[in-house]
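Enquirer: Line by line, the protein sequences give chains A and B.
Here the first sequence stands for residues 22 to 171, where the numbers follow this note's numbering.
Here the second sequence stands for residues 22 to 171, where the numbers follow this note's numbering.
We put the beta carbon where it would ideally sit given N, CA and C, even for glycine.
Since the model is a prediction, treat every value here as computed from it, not as a measurement.
Take this structure first; my questions come after.
Protein chains: 2
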Amino acid sequence: MTHDESEKNDDFFLQNFLPFLLNQAAERASLEFQAVYKGRYGMLRTEWRVLFHLGLFGEMTAKEIGERARMHKTKISRAVAKLEERRYLKRTRDEADRRAEWLTLTPAGQAVYRDLYGVAASYDARLLGLFSEKEAALLRQMLRRLAGVD
Amino acid sequence: MTHDESEKNDDFFLQNFLPFLLNQAAERASLEFQAVYKGRYGMLRTEWRVLFHLGLFGEMTAKEIGERARMHKTKISRAVAKLEERRYLKRTRDEADRRAEWLTLTPAGQAVYRDLYGVAASYDARLLGLFSEKEAALLRQMLRRLAGVD
DNA sequence: GGTTAATAGTTGATTTTGTAACTAACAAGC
DNA sequence: GCTTGTTAGTTACAAAATCAACTATTAACC
Numbered sequence: 022m023t024h025d026e027s028e029k030n031d032d033f034f035l036q037n038f039l040p041f042l043l044n045q046a047a048e049r050a051s052l053e054f055q056a057v058y059k060g061r062y063g064m065l066r067t068e069w070r071v072l073f074h075l076g077l078f079g080e081m082t083a084k085e086i087g088e089r090a091r092m093h094k095t096k097i098s099r100a101v102a103k104l105e106e107r108r109y110l111k112r113t114r115d116e117a118d119r120r121a122e123w124l125t126l127t128p129a130g131q132a133v134y135r136d137l138y139g140v141a142a143s144y145d146a147r148l149l150g151l152f153s154e155k156e157a158a159l160l161r162q163m164l165r166r167l168a169g170v171d
Numbered sequence: 022m023t024h025d026e027s028e029k030n031d032d033f034f035l036q037n038f039l040p041f042l043l044n045q046a047a048e049r050a051s052l053e054f055q056a057v058y059k060g061r062y063g064m065l066r067t068e069w070r071v072l073f074h075l076g077l078f079g080e081m082t083a084k085e086i087g088e089r090a091r092m093h094k095t096k097i098s099r100a101v102a103k104l105e106e107r108r109y110l111k112r113t114r115d116e117a118d119r120r121a122e123w124l125t126l127t128p129a130g131q132a133v134y135r136d137l138y139g140v141a142a143s144y145d146a147r148l149l150g151l152f153s154e155k156e157a158a159l160l161r162q163m164l165r166r167l168a169g170v171d
């Protein structure tokens with residue numbers, strides 16, 4: 022486990038260090054897609070994620086989005102404000118618990134969601150094209166395990 | 022490829038969308054280790070990476086680090102400044118090309134590197150403990166392919 | 001029912017990142 | 001050797017993320 026000091030130019034460890042590898046892959050994999058929602062709608066990743074969740078799951082509270090996406094509530098709060106400002110979503114106070122509010126996409130927001138969903142799906146397919154069906158399934162399973170979802 | 026609109030509460034796609042999964046896994050996988058270099062030495066990820074590269078490869082220029090780690094030069098510039106301020110590295114002008122400078126760890130920097138290398142190695146081993154040898158090898162290979170290294 | 005604690009979400013201050021412009025040094029072409 | 005272009009690294013400014021403190025509301029407990 023100790024590093025051999027007499028030997029330099031050893032990139033064995035670096036090439037295999039999982040947090041580094043994961044980060045490189047994640048960064049690269051989100052780069053191209055980021056260019057789409059940024060370029061096409063001027064959105065940040067946080068905003069895209071919130072929109073995405075609302076598109077997939079329908080009505081949600083900010084808290085629920087935060088739990089699912091593992092995003093901090095301040096990020097969500099600001100993303101929601103931005104999406105509302107652009108008329109992509111609307112808020113409705115929960116009358117039973119007036120602290121919470123239900124978020125839903127407007128028709129305009131749904132249109133954006135559908136557009137980006139399509140782009141995301143084909144981008145995903147392209148990434149998965151690097152692997153066989155079996156490999157892809159295993160990869161996703163392993164990533165889920167690392168993420169602590171399973 | 023079109024999203025089925027009549028059906029809500031569909032988290033199938035989300036659970037499988039590779040950029041999302043990769044990001045979740047990467048974030049989770051770096052979290053605990055980040056706590057170590059941050060808590061123990063008050064370092065940021067950029068600083069840890071620069072230190073790590075210098076520890077692994079010995080003397081390097083900022084440019085080389087940037088290429089290997091795929092970090093932008095401003096990040097590196099600031100990380101180097103911070104590490105120098107803490108006396109973890111020293112700079113030497115390249116006399117043949119006076120624009121470039123060679124960076125090396127000081128003994129203090131090397132001590133930090135050795136400490137963190139040990140932590141990183143055992144942390145990595147723990148992560149890999151989630152998988153079999155075969156799976157782990159495949160995972161790394163797939164991540165490298167996604168990162169565009171291979 | 002009044003006090004205390006917890007929760008949903010927002011805001012402000014600080015830190016970190018990203019982008020563009022910059023300096024200093026080298027290289028190429030003429 | 002002088003212009004033009006390129007490169008290594010820094011700096012300034014804008015954008016974004018983080019952290020702590022805040023408001024408003026609900027829940028818990030005595």
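Please list the partners that ALA56/B has in chain A, where partner means a Cβ-to-Cβ separation under 9 angstroms.
Expert: Under the 9 angstroms cutoff, chain A gives no residues; its nearest Cβ is about 12 angstroms from ALA56/B.
Enquirer: With DSSP collapsed to three states, give me the class of MET81/B.
Expert: strand
Enquirer: What separation, rounded to the nearest whole angstrom, lies between the Cα atoms of LEU72/B and ALA121/A?
Expert: 45 angstroms
Enquirer: For THR95/A, which three-state DSSP category applies?
Expert: helix
Enquirer: Would ASP25/A pass as an interface residue toward chain B - the criterion being a Cβ-Cβ separation below 7 angstroms?
Expert: Low confidence applies here, because ASP25/A scores a pLDDT of 48, under 50, leaving its location unreliable and the question unanswered by this model.
Enquirer: Need the endpoints of the alpha helix (DSSP H) that ALA108/A sits in, please.
Expert: A small correction: the amino acid at residue 108/A is Arg; Ala does not occupy that position in the sequence shown. Unbroken run through ARG108/A: none, as it is neither H nor E.
Enquirer: Give the DSSP-derived three-state secondary structure of THR127/B in the structure shown.
Expert: In the structure shown, THR127/B falls within a coil segment according to DSSP collapsed to helix, strand and coil.
Enquirer: Does DSSP put ARG119/B in a helix, a strand or coil?
Expert: coil
Enquirer: Just the C-alpha distance for ASP118/B and THR82/B, rounded to the nearest angstrom, thanks.
Expert: 12 angstroms
Enquirer: Name the chain B residues that come within less than 7 angstroms of ARG61/A, Cβ to Cβ?
Expert: Scanning chain B for C-beta atoms nearer than 7 angstroms to the C-beta of ARG61/A yields nothing, as the closest lies near 16 angstroms away.
Enquirer: Out of ASP171/B, ARG165/B, GLY169/B, point me to the one whose CA is closest to LEU39/A's CA.
Expert: ARG165/B
Enquirer: At the 7 angstroms Cβ level, is ALA50/B part of the contact set with chain A, yes or no?
Expert: Chain A, which has a Cβ nearer than 7 angstroms to the Cβ of ALA50/B, makes this yes.
Enquirer: Bridge partners for ARG166/B per DSSP, in chain order?
Expert: Answer is none; ARG166/B lacks a bridge partner.
Enquirer: Taking just the CA atoms, how far does LEU126/A sit from GLU26/B?
Expert: With a pLDDT of 47 at GLU26/B, under the threshold of 50, the modelled position of that residue is not reliable, and the figure given next carries that caveat. Taking the straight line joining both Cα atoms gives about 13 angstroms.
Enquirer: So which residues of chain A does GLU156/B contact, with C-beta pairs closer than 8 angstroms?
Expert: Residues of chain A passing the Cβ test: LEU159, MET163.
Enquirer: When you compare the CB positions of LEU43/A and ALA141/B, do they come within less than 7 angstroms of one another, or not?
Expert: no
Enquirer: MET163/A to PHE152/B, Cα distance in whole Å?
Expert: 8 angstroms
Enquirer: Taking 8 angstroms as the cut-off, does the region 136-150 of chain A touch the region 45-62 of chain A (at least 3 CB pairs, one atom from each stretch)?
Expert: In this structure the region 45-62 of chain A touches the region 136-150 of chain A; the number of beta carbon pairs closer than 8 angstroms is three or more.
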